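Visitor: Encoded as structure tokens, here's the structure I'll be asking about.
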Amino acid sequence: MHKYMADLHIHSTLSPCGSLEMSPTAIVNRANELGLNLIAITDHNAIENGYYAGKIAKRFDISIIYGLEAQTEEEIHTLILFDTYEQVYEFYKVIYPKLPDILNVPEHFGDQVVVDENDEIIRTEKKLLLNSFTMSVDELYSLVQEYGGLCIPAHVDQESYSIIAQLGFIPEHLDFKAVEISYMATEEEILRRFPFLRKYTLVSFSDAHYLQDIGRVYTEFYLSSPSIKEIKKALRKEEGRYSRIVRKQGGYK
């Protein structure tokens, strides 16, 4: 069994709210400095910078999970995670047309740029990525299962863009393996506020929009390999796999 220090909620230059310092190269370098060895770039409704993070991570002892932070029509933010870029790309081809054809206004919302492994801007996303896909959380969950991914409701304790804030509850028929709590919240506080969350495994990631925020909280996974299958086992506490939240300002080191 191996220990993976995982930050699976990091925004890059492709998120309009992400700092332009958050290139894939800068993110991977920062993760390496902190000793994080499992990361995911999860931009708002977008996936491309994860591809370049995967290329850069090969220079280090860092594994990459591929995904995005999707916003449903109920305005629920959900982390969507896959083993390979090919998987998330096939999934994304289905959902991208469900993003409204509303153009981004960079002066108002921020830039949305794809940056390659050489820190070169290769493309600007024209659609505004802060909108909702025209699909429900039920539809999103079902599609993620169909494509072999993992679906984790994001920052469930927040008063906006969380499944609890938007619905008031977590639907029983959606078999989430875990829920993410905000980087500033403690498990004790969350379970006191939301006792019904005791049935879920709690994870926490940085939700970093700036380099200094990467690793401000992360989740340790004890796995045989850094895969979605193994992470699911850890979230269910199966076969000796498990996870725990680590809050250490500045990351692992």
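If you read the sequence shown in our numbering, its first letter stands for residue 184, the second for the next number, and so on.
By construction, the Cβ of each residue, glycine as well, lies at the ideal position given by its N, Cα and C atoms.
Just so you know, these numbers come straight off a predicted model, no measurement behind them.
For Ile239 versus Thr208, is the C-beta spacing smaller than 8 Å?
Guide: For the purposes of this step, residue 239 is taken as residue 56 along the sequence shown, with counting starting at 1. For the purposes of this step, residue 208 is taken as residue 25 along the sequence shown, with counting starting at 1. In contact: Ile239 and Thr208 (Cβ atoms closer than 8 Å).
Visitor: Is it buried or exposed for Lys416, if we count other Cβ within 10 angstroms and need 16 for buried?
Guide: Taking the first residue of the sequence shown as 1, we reach residue 416 at position 233. It is buried - the Cβ of Lys416 has at least 16 other Cβ atoms within 10 Å.
Visitor: Going along the chain, which unbroken runs of the alpha helix (DSSP H) with 4 or more residues stay wholly within the region 346-376?
Guide: Runs found: 346-350, 370-376.
Visitor: Does the Cβ-Cβ distance between Leu312 and Leu264 come in under 8 Å?
Guide: For the purposes of this step, residue 312 is taken as residue 129 along the sequence shown, with counting starting at 1. For the purposes of this step, residue 264 is taken as residue 81 along the sequence shown, with counting starting at 1. No, the pair does not count as a contact, with Cβ atoms beyond the cut-off.
Visitor: Roughly how many angstroms separate the alpha carbons of Gly351 and Ser343, rounded to a whole number?
Guide: Within the sequence shown, residue 351 is the residue found at index 168, counting from 1. Within the sequence shown, residue 343 is the residue found at index 160, counting from 1. Going from the Cα of Gly351 to the Cα of Ser343 covers about 11 Å.
Visitor: If Thr402 sits next to Cys334, beta carbons under 8 Å apart, how far is it from one beta carbon to the other, in whole angstroms?
Guide: Here the question's residue 402 lines up with position 219 in the sequence shown. Here the question's residue 334 lines up with position 151 in the sequence shown. The pair is not a contact, with the Cβ atoms about 16 Å apart (cut-off 8 Å).
Visitor: If you measure between the beta carbons of Asp294 and Thr196, is that distance less than 8 Å?
Guide: Against the sequence shown, residue 294 aligns to sequence position 111. Against the sequence shown, residue 196 aligns to sequence position 13. Yes; because the gap between Cβ atoms is below 8 Å, this pair is in contact.
Visitor: Just to confirm my understanding: we take Ser410, look at its own chain, exclude 5 residues before and 5 after, and list those with CB closer than 6 Å. What are they?
Guide: The count along the sequence shown starts at 1 and reaches residue 410 at position 227. Closer than 6 Å at Cβ, skipping near neighbours: Asp266.
Visitor: If you draw a straight line from the C-alpha of Gly201 to the C-alpha of Glu273, how long is it?
Guide: Numbered from its first residue, the sequence shown carries residue 201 at position 18. Numbered from its first residue, the sequence shown carries residue 273 at position 90. Using only the alpha carbons, I get a separation of about 25 Å.
Visitor: On a CA-only basis, which of Gly332, Ala348, Phe388, Val362 is nearest Lys412? Give me that one, please.
Guide: Taking the first residue of the sequence shown as position 1, residue 412 is located at position 229. Residue Gly332 is the option with its Cα nearest to Lys412.
Visitor: Quick one: grab the DSSP three-state call for Ile248.
Guide: Taking the first residue of the sequence shown as position 1, residue 248 is located at position 65. Of the three classes helix, strand and coil, the one that applies to Ile248 here is coil, per DSSP.
Visitor: Apart from the five residues just before and just after Ser198, which ones in its own chain have a Cβ nearer than 6 Å to its Cβ?
Guide: Working through the sequence shown from its first residue, we reach residue 198 at position 15. Once the five neighbours on either side are set aside, the close Cβ partners of Ser198 are Asp226, His227.
Visitor: In the DSSP output, what is Ser426 paired with across the bridge?
Guide: Within the sequence shown, residue 426 is the residue found at index 243, counting from 1. Answer is Phe404, bridged to Ser426.
Visitor: What are the start and end residues of the alpha helix (DSSP H) that includes Lys420?
Guide: Position 237 of the sequence shown holds residue 420. Counting along the chain, Lys420 falls outside any alpha helix (DSSP H), and DSSP gives it neither H nor E.
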